[in-house]
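Engineer: Residue numbers for the sequence shown follow the numbering used here, beginning at 52 and rising by one. Each residue gets a CB set at the ideal place from its N, CA and C atoms; glycine is no exception. Below you'll find the structure I mean.
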Amino acid sequence: QGDQPKLLELLATVSQAAQESAFIAGLVQSGEIFHPLHLTSEEAYGFLKEVPLYEKAGILCRVPKWWQGAANTLRISVNLGDKRPSHLGADALLDFDAQLSLGDERISAEELKRLLSEAEGLAFIKGKWVEVDHKRLQQMLTAYEEAQRISGQTAMTLVDALHFEINAAKIMGGGEDGTEIEVTHGEWLRAVMNQLTQPMARTEVAVGEDFRAELRAYQRQGVAWLDLMRQLGLGACLADDMGLGKTIQVLALVNAMRRQRPGKVLLVVPASLIGNWLDEMQKFSPSLRCRVLHPSETAKESAGGPSRLEDADILLTTYGMLAKYAWLAEVNWDAFILDEAQAIKNPATKQARSVKRIPAAYKIALTGTPIENRLSDLWSLFDFLNRGLLGTAKEFAEFIKQSQQSPEGYAPLKRVVSPFILRRLKTDPTVISDLPNKIEMKSFAALSKRQTALYADLVSDLRIKLESVDEGIKRKGLILSSLMKFKQICNHPDQYLGQTSFDPGESGKFARLAEICETIYGKRERVLVFTQFKEIAEPLRDFLQTVFHHRGLVLHGETAVAKRRELVAKFQGSDYVPFMVLSLKAGGVGLNLTAANHVIHFDRWWNPAVENQATDRAFRIGQTRNVVVHKFITRGTIEEKIDRLIEEKIQLSQELVPAMQENWINELNNQQLLELLRLSP
Numbered sequence: 052q053g054d055q056p057k058l059l060e061l062l063a064t065v066s067q068a069a070q071e072s073a074f075i076a077g078l079v080q081s082g083e084i085f086h087p088l089h090l091t092s093e094e095a096y097g098f099l100k101e102v103p104l105y106e107k108a109g110i111l112c113r114v115p116k117w118w119q120g121a122a123n124t125l126r127i128s129v130n131l132g133d134k135r136p137s138h139l140g141a142d143a144l145l146d147f148d149a150q151l152s153l154g155d156e157r158i159s160a161e162e163l164k165r166l167l168s169e170a171e172g173l174a175f176i177k178g179k180w181v182e183v184d185h186k187r188l189q190q191m192l193t194a195y196e197e198a199q200r201i202s203g204q205t206a207m208t209l210v211d212a213l214h215f216e217i218n219a220a221k222i223m224g225g226g227e228d229g230t231e232i233e234v235t236h237g238e239w240l241r242a243v244m245n246q247l248t249q250p251m252a253r254t255e256v257a258v259g260e261d262f263r264a265e266l267r268a269y270q271r272q273g274v275a276w277l278d279l280m281r282q283l284g285l286g287a288c289l290a291d292d293m294g295l296g297k298t299i300q301v302l303a304l305v306n307a308m309r310r311q312r313p314g315k316v317l318l319v320v321p322a323s324l325i326g327n328w329l330d331e332m333q334k335f336s337p338s339l340r341c342r343v344l345h346p347s348e349t350a351k352e353s354a355g356g357p358s359r360l361e362d363a364d365i366l367l368t369t370y371g372m373l374a375k376y377a378w379l380a381e382v383n384w385d386a387f388i389l390d391e392a393q394a395i396k397n398p399a400t401k402q403a404r405s406v407k408r409i410p411a412a413y414k415i416a417l418t419g420t421p422i423e424n425r426l427s428d429l430w431s432l433f434d435f436l437n438r439g440l441l442g443t444a445k446e447f448a449e450f451i452k453q454s455q456q457s458p459e460g461y462a463p464l465k466r467v468v469s470p471f472i473l474r475r476l477k478t479d480p481t482v483i484s485d486l487p488n489k490i491e492m493k494s495f496a497a498l499s500k501r502q503t504a505l506y507a508d509l510v511s512d513l514r515i516k517l518e519s520v521d522e523g524i525k526r527k528g529l530i531l532s533s534l535m536k537f538k539q540i541c542n543h544p545d546q547y548l549g550q551t552s553f554d555p556g557e558s559g560k561f562a563r564l565a566e567i568c569e570t571i572y573g574k575r576e577r578v579l580v581f582t583q584f585k586e587i588a589e590p591l592r593d594f595l596q597t598v599f600h601h602r603g604l605v606l607h608g609e610t611a612v613a614k615r616r617e618l619v620a621k622f623q624g625s626d627y628v629p630f631m632v633l634s635l636k637a638g639g640v641g642l643n644l645t646a647a648n649h650v651i652h653f654d655r656w657w658n659p660a661v662e663n664q665a666t667d668r669a670f671r672i673g674q675t676r677n678v679v680v681h682k683f684i685t686r687g688t689i690e691e692k693i694d695r696l697i698e699e700k701i702q703l704s705q706e707l708v709p710a711m712q713e714n715w716i717n718e719l720n721n722q723q724l725l726e727l728l729r730l731s732p
């Protein structure tokens with residue numbers, strides 16, 4: 052009698068389950084629920100399928116282990132590259148083995164087909180009960196047969212194998228309804244991947260006695276890694292931090308290649324860096340015979356054709372020349388090297404297409420920023436290095452969309468691309484311990500009265516225009532042009548108005564610049580001042596000459612290539628040249644300006660990767676003093692608000708994700724946009 056309340060409580064859960072389950076309702080009605088039951092396989096299958104329903108009603112269910120977890124999981128295990136291929140190179144073929152398994156038991160295709168012939172429910176196979184779900188089993192069989200077809204008919208190179216790894220489910224038609232496709236590396240492929248991801252374990256490469264440089268340990272490891280990639284016929288991205296010596300590592304590799312077997316090497320660089328490469332060759336590897344295909348270095352330029360290669364180890368040219376000389380694509384190059392390879396980040400450009408039509412046995416991309424704005428930068432880079440690894444642009448976009456929704460995130464992508472990217476950072480003491488510190492600080496400036504009035508008027512004008520413009524290209528154009536105008540106002544009113552007087556008293560930034568540079572002058576130090584606007588470079592120089600009482604230098608996009616080398620030599624020389632004003636686009640890469648130990652970003656690019664590249668003109672090997680970086684921000688304006696957003700998002704770039712999506716401002720609604728732009732107290 053005392054147990055009656057407890058019994059009623061227990062029966063209440065059964066009653067609730069009976070309302071949802073005809074099976075339980077029948078057991079209650081017949082009274083069988085109160086006795087031990089003997090179920091047929093069909094009844095047991097129905098019971099197991101309804102377990103979630105019973106648990107929801109409050110009934111504790113204990114089910115066999117084989118019904119849950121891995122024990123009842125259908126899986127195809129694909130093993131790639133177990134045996135060493137007959138030869139190394141891009142065309143080396145890897146072995147491919149696919150096996151069926153149920154839980155931890157191997158099963159044959161015949162056993163799977165036999166299961167398919169059973170009625171849906173439970174079947175006894177290999178000493179245990181398994182679920183017969185025709186849809187899942189058929190999907191498993193289809194995927195396995197496709198794997199067998201690939202194994203028997205498709206010649207799979209290393210790049211094909213790694214592409215297959217991240218797309219196996221899609222390629223084989225599996226991955227749904229409980230079917231798992233597991234791709235593993237065989238013994239040989241696993242050993243190769245370990246070598247690629249652990250360059251410190253590689254045997255050093257003999258670069259030759261005529262190579263006039265003592266390579267640092269990480270540089271020797273880099274050369275060995277590049278040489279291994281060459282042997283495997285795989286494209287390599289050397290993405291070392293700016294200033295760690297990517298150039299010297301490549302020259303050491305080319306010198307080593309020439310000693311092993313002379314070949315044809317094509318080196319493509321931005322026009323502004325021709326002089327840098329020639330100087331480095333003369334300094335470190337003077338025996339390398341280099342021919343330049345560019346008007347700045349050749350008095351009388353001619354098409355020349357392949358005959359220019361007869362007495363050359365390296366042909367050095369620029370991105371612009373690739374489209375001009377079609378014969379470059381008719382040569383089968385032994386090695387094709389791109390410097391500042393972010394130049395091909397947009398695959399739709401003529402420049403990127405010109406690069407990708409040139410054939411080469413081995414390709415190297417040099418860049419400090421493999422991803423500048425978005426993950427499609429990475430796709431375009433690998434479309435050059437190892438075409439097919441990341442699929443087509445459309446396939447890659449679909450993969451990224453799936454990754455964003457997956458618990459693993461971008462981890463699978465990172466696993467696939469990381470063996471092809473070697474990146475070391477200056478901030479890592481295990482890489483370089485004798486580099487001084489980099490001290491970054493934000494330098495805030497206030498708007499002058501004139502700047503404040505112009506800024507407020509521009510916000511009001513934009514508010515009116517936004518109300519009358521439709522969504523789409525016109526709105527985007529309006530926003531981008533307005534952002535540029537706000538930046539100009541923050542720099543100086545005369546820049547925005549197109550005037551020429553540039554009175555320092557009318558710009559808060561000019562006042563802040565004077566304060567910082569007076570201190571630099573007092574210590575007899577030097578500074579680089581970066582701006583994204585060519586039109587303000589000369590006014591900045593004129594102003595700074597009044598602060599330093601010395602002449603300074605200006606370098607921007609219209610500065611002739613030959614003149615740039617002269618400017619760098621003058622700034623680095625023994626005569627005191629206190630400052631150089633550079634446009635961020637022209638001066639942000641490839642220059643060695645270690646005579647400066649101060650860097651000022653006068654206006655912000657709003658892209659941390661690009662700004663860091665510019666800073667690294669001074670913060671690089673050869674620098675002996677701490678480098679102080681000043682990032683100018685105008686209080687209360689869009690500059691301050693976007694700086695906060697960058698701080699919130701910058702961590703993403705550490706995880707192979709773009710630091711800022713380039714179109715994010717366009718996606719704000721009018722109210723959000725005006726809130727971002729309005730002046731704050």
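Taking the Cβ atom as the reference point for each residue, do G284 and Y413 lie within a distance shorter than 8 Å?
Structural biologist: yes
Engineer: Measure the C-alpha to C-alpha separation of F387 and H543 and round it to an integer number of angstroms.
Structural biologist: 45 Å
Engineer: According to the neighbour-count rule (16 or more other Cβ atoms, all chains shown, within 10 Å of its Cβ), is D654 buried or exposed?
Structural biologist: buried
Engineer: Helix, strand or coil: how does DSSP classify R157 here?
Structural biologist: strand
Engineer: What first and last residue would you give for the beta strand (DSSP E) that runs through R342?
Structural biologist: C341 to L344
Engineer: Take L441 and list the residues in its own chain whose beta-carbon comes closer than 6 Å to its own, dropping the five residues that flank it on each side.
Structural biologist: W430, F433 and F447
Engineer: Smallest Cα separation from S137: which of L145, L90 and L719?
Structural biologist: In this structure, L145 is the residue among L145, L90 and L719 with its C-alpha nearest to the C-alpha of S137.
Engineer: Below 7 Å CB to CB, which residues in the same chain sit around Q596 once its five sequence neighbours on both sides are set aside?
Structural biologist: R602 and G603
Engineer: Looking only at its chain, what residues have a beta carbon closer than 6 Å to the beta carbon of V210, apart from the 5 residues adjacent to it on each side?
Structural biologist: N437, G439 and L440
Engineer: Count the CB pairs spanning the segment 478-490 and the segment 662-680 that are closer than 8 Å, and state whether there are at least three.
Structural biologist: Judged by Cβ distances under 8 Å, the segment 478-490 makes contact with the segment 662-680, as three or more pairs qualify.
Engineer: Short of 6 Å in beta carbon distance, which residues of its chain neighbour I693, apart from the five on each side in sequence? Order them along the chain.
Structural biologist: For I693, where only same-chain residues beyond five positions count, the Cβ hits under 6 Å are W657.
Engineer: Determine contact between the segment 286-301 and the segment 468-479, defined as no fewer than three beta-carbon pairs at a distance below 8 Å.
Structural biologist: yes
Engineer: How would you label L389, buried or exposed, when you count the other beta carbons within 10 angstroms and need 16 or more for buried?
Structural biologist: buried
Engineer: Report the residue from R575, G549, K574 and D545 whose alpha carbon sits nearest the alpha carbon of F561.
Structural biologist: D545
Engineer: Specify the secondary structure class of Q270 as computed by DSSP and reduced to three states.
Structural biologist: helix
Engineer: Considering S634, what are the terminal residues of the beta strand (DSSP E) in which it resides?
Structural biologist: Per DSSP, the unbroken beta strand (DSSP E) holding S634 starts and ends at F630 to S634.
Engineer: State the Cα-Cα distance for the pair Q402 and R126, rounded to the nearest angstrom.
Structural biologist: 45 Å
Engineer: Taking the alpha carbon of V410 as the reference point, which residue from A380, S558 and A394 has its own alpha carbon closest?
Structural biologist: Reading the sequence as shown, one finds Pro at residue 410 and not Val. P410 has its Cα closest to that of A380, out of A380, S558 and A394.
Engineer: Going by C-alpha distance, which of F599, H607 and V578 is nearest E586?
Structural biologist: H607
Engineer: Which residue comes first and which comes last in the alpha helix (DSSP H) that contains S511?
Structural biologist: K500 to S519
Engineer: Under 6 Å Cβ to Cβ from D364, same chain only, skipping five residues before and after it: list those, please.
Structural biologist: Correct list, in chain order: R309, L339 and R340.
Engineer: For the 8 Å Cβ check, are there 3 or more pairs between the segment 635-653 and the segment 661-675?
Structural biologist: yes
Engineer: Within this structure, are the beta carbons of L277 and L289 separated by less than 8 Å?
Structural biologist: Yes, Cβ-Cβ distance for L277 and L289 is below 8 Å.
Engineer: Closer than 6 Å by C-beta to D428: which residues in its own chain qualify, once you throw out the five before and the five after it? Chain order, please.
Structural biologist: K396 and I422
Engineer: Is it right to say E238 is buried, meaning 16 or more other beta carbons lie within 10 angstroms of its own, or is it exposed?
Structural biologist: exposed
Engineer: On the three-state DSSP scale, how would you describe E713?
Structural biologist: Confidence is the limiting factor: at E713 the pLDDT is only 44, short of 50, which leaves the residue's position unreliable, though a coordinate-based value still follows. E713 falls in the coil class under three-state DSSP.
Engineer: Who pairs with A738 in a beta bridge, going by DSSP?
Structural biologist: The structure shown has nothing for residue 738, since the chain only spans 52 to 732.
Engineer: With DSSP as the reference, label W656 as helix, strand or coil.
Structural biologist: Of the three classes helix, strand and coil, the one that applies to W656 here is coil, per DSSP.
Engineer: Taking the Cβ atom as the reference point for each residue, do F471 and L728 lie within a distance shorter than 8 Å?
Structural biologist: Contact: no.
Engineer: Using the rule of at least 16 other Cβ atoms within 10 Å of the residue's Cβ for burial, across every protein chain shown, is R241 buried or exposed?
Structural biologist: exposed
Engineer: Could you have a look at Q150 and say whether DSSP puts it in helix, strand or coil?
Structural biologist: strand
Engineer: My output table needs one value for A73: the three-state DSSP class, helix, strand or coil.
Structural biologist: helix
Engineer: Kindly indicate which three-state DSSP category E566 falls into: helix, strand or coil?
Structural biologist: E566 sits in a helix when the DSSP states are folded into three classes.
Engineer: Could you give the distance in angstroms between the alpha-carbon of Q453 and the alpha-carbon of A462?
Structural biologist: Rounded to the nearest angstrom, the two C-alpha atoms are 12 Å apart.
Engineer: By the 10 Å Cβ neighbour count, where 16 or more other Cβ atoms means buried, how is F553 classified, buried or exposed?
Structural biologist: buried
Engineer: Taking Cβ to Cβ, would you say L505 is nearer than 8 Å to I540?
Structural biologist: In this structure, I540 lies closer than 8 Å to L505 by Cβ.
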